[in-house]
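Taking it in order: structure first as structure tokens, then the write-up.
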Amino acid sequence: MLNTKSYIKWNWDALDEIIQGPLLNPKRLEEAIKVTKFMKRLLSFYRPFKYQFSEIKNTKPNQRYVKTGCALFRTLLQTSQGVLFLAEHKILRQIAECLAQLDKVRILID
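In my numbering, the protein residues as written are 8 to 117.
So this is what it looks like as structure tokens:
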């Protein structure tokens with residue numbers, strides 16, 4: 008499913024089903040995190056400084072990426088393994104850095 012790094016070739020409907028189905032089982036989630044590249048590759052797509060998700064235009068067809076991303080974060084936050092994986096992954100630091108930059112811009116505007 009994620010055999011390629013090109014997110015355009017991924018089956019997003021299947022990804023959504025996996026995230027909201029089998030990965031809700033803590034054992035399956037742990038397996039996806041530790042044994043395969045599935046979670047690393049999927050979270051890499053959402054990392055702000057990889058400029059994949061962050062550069063996609065906000066159109067109705069592209070809302071599937073948002074929907075899947077929200078489901079992914081909800082799934083990860085439901086288990087201790089998922090929370091630990093997020094804490095160790097670069098994505099949270101990059102999101103925090105982006106939010107800090109926005110805050111600086113807002114302060115300058117105000």
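Built from N, CA and C at the ideal position, the CB exists for glycine as well.
Which of the three DSSP states, helix, strand or coil, is assigned to W17?
Of the three classes helix, strand and coil, the one that applies to W17 here is coil, per DSSP.
Mind checking which residues open and close the alpha helix (DSSP H) that includes I63?
Here I63 belongs to no alpha helix (DSSP H), and DSSP marks it neither H nor E.
According to the Cβ coordinates, are Q101 and P55 closer than 8 Å?
In terms of Cβ geometry, Q101 and P55 form a close pair [threshold 8 Å].
Which two residues bound the contiguous alpha helix (DSSP H) that contains T82?
Start and end: Q70 to L84.
Can you tell me which of the three DSSP states K57 falls into?
The answer is helix: DSSP assigns K57 an H, G or I state.
N- and C-terminal bounds of the alpha helix (DSSP H) containing K41
Counting along the chain, the alpha helix (DSSP H) containing K41 begins and ends at P33 to K41.
Could you check the C-alpha separation between K44 and L109 for me, to the nearest Å?
A straight-line Cα-Cα distance of about 32 Å links K44 and L109.
Judging by CA-CA distance, which residue of A39, S51 and K41 is the nearest neighbour of I98?
Distance from the Cα of I98 is smallest, within the candidate group A39, S51 and K41, for S51.
Please report how far the alpha carbon of L30 lies from the alpha carbon of L91, in whole angstroms.
The alpha-carbon separation between L30 and L91 amounts to approximately 15 Å.
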